[in-house]
Each structure stands twice: as C-alpha cells, then as structure tokens.
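>
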Amino acid sequence: MTLSARTTTTGTGKGTASLILGVCSLLAGWIAVAPLVGLVLGIMSRRSEPMARGRAGWGIALNLVALLGWIVFLIVVFGGVFGASLLETSGVATLR
1085 MTLSARTTTT GTGKGTASLI LGVCSLLAGW IAVAPLVGLV LGIMSRRSEP MARGRAGWGI
1145 ALNLVALLGW IVFLIVVFGG VFGASLLETS GVATLR
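First residue of the sequence shown? That's 1085 in the working numbering, and the numbers climb one at a time after it.
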C-alpha cells in the first residue's frame, strides 16, 4: 500500500493578473473596469497567495493610480460639461 502525500501549491495567478491589469491600465488607458478588477484581484492575492505578495502589491498600487486617473478624467470632463451648461443657462456666457 502506497500513501501519496498531498501537495498543495499556492499559485500566483491573481497577483500576476493584478500586476498585468495595472500595467495595461496605465499604458493603454483601458476602461475603468480593468483597474477595479485588478484592485480586487490584488487584494485577494495578498490574502491567499504568499508567493505573489510583491506582484500583488505592485498591482494594487498601479491599479489605484489608474483608477485615480480615471476619476480625475471624469471630474474634468463632466465638470467642464456641467460648468459650461450652467454658465449658458444663467446667461453669463453668451457668445454671438
């Protein structure tokens, strides 16, 4: 009778995916969903994958920067649109 020891391997897939999504989000300007997914994967990886702590940490940082960039972009775009419409409706900016 042979007994086989069960080996448990802890993968690094979530940490690696978080890092890749963070880099791609910064370089390619992906939609705002990618940094959110990368952030969630990074946090999950920090808790469950001890071998991917560095990748997960960098993934979290890069995804936070990308998410902050999207927030600033949306504030600038919507602030400009709403600001212009408010000025137009109040009669302050009448260009003819």
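Glycine residues also receive a C-beta, built at the ideal position from the N, C-alpha and C atoms.
1) Are L1110 and A1150 touching if we call contact CB-CB under 8 Å?
2) Are the stretch 1126–1136 and the stretch 1093–1105 in contact at 8 Å, needing three or more beta carbon pairs?
3) Using beta-carbon positions only, say whether R1131 and L1103 come within less than 8 Å of one another.
4) Please name the residue in W1114, T1173, V1121 and S1169 whose C-alpha comes closest to that of G1099.
5) In three-state DSSP terms, what is G1097?
6) Use the C-beta contact count for I1144: other C-beta atoms within 10 angstroms, 16 or more gives buried, fewer gives exposed.
7) Mark L1152 as exposed unless 16 or more other C-beta atoms lie within 10 angstroms of its C-beta, in which case mark it buried.
8) From T1173, A1101 and V1160, pick the residue whose C-alpha is nearest to that of S1129; which is it?
9) From T1156 to G1163, what does the alpha carbon distance come to, in whole angstroms?
10) Starting from I1127, trace the alpha helix (DSSP H) in both directions and tell me its first and last residue.
So, from the listed chains and residues:
1) Locating residue 1110 in the sequence shown gives position 26, counting from the first residue. Locating residue 1150 in the sequence shown gives position 66, counting from the first residue. Closer than 8 Å, so yes.
2) Counting C-beta pairs with one atom in each stretch, the stretch 1126–1136 and the stretch 1093–1105 have three or more that are closer than 8 Å, which means they touch.
3) Taking the sequence shown and counting its residues from 1, one reaches residue 1131 at position 47. Taking the sequence shown and counting its residues from 1, one reaches residue 1103 at position 19. Not closer than 8 Å, so no.
4) Working through the sequence shown from its first residue, we reach residue 1099 at position 15. Nearest Cα to G1099 within the set W1114, T1173, V1121 and S1169: V1121.
5) Here residue 1097 is taken as the residue at index 13 of the sequence shown, counted from 1. If DSSP states are grouped into helix, strand and coil, G1097 belongs with the helices.
6) The residue given as residue 1144 occupies position 60 in the sequence shown. A residue is called buried once 16 or more other Cβ atoms fall within 10 Å of its Cβ, and I1144 is buried on that count.
7) Position 68 of the sequence shown, counted from the first residue, corresponds to residue 1152. With fewer than 16 other Cβ atoms within 10 Å, it is exposed.
8) Here the question's residue 1129 lines up with position 45 in the sequence shown. Taking only the C-alpha atoms, the option nearest S1129 is A1101.
9) In the sequence shown, residue 1156 corresponds to position 72, counting from 1. In the sequence shown, residue 1163 corresponds to position 79, counting from 1. As written in the sequence, residue 1156 is Val, which differs from the Thr given in the question. Rounded to whole angstroms, V1156 and G1163 show a C-alpha spacing of 10 Å.
10) Sequence index remark: in the sequence shown, residue 1127 carries index 43 (1-based). First-last of the alpha helix (DSSP H) with I1127: V1117 to S1132.
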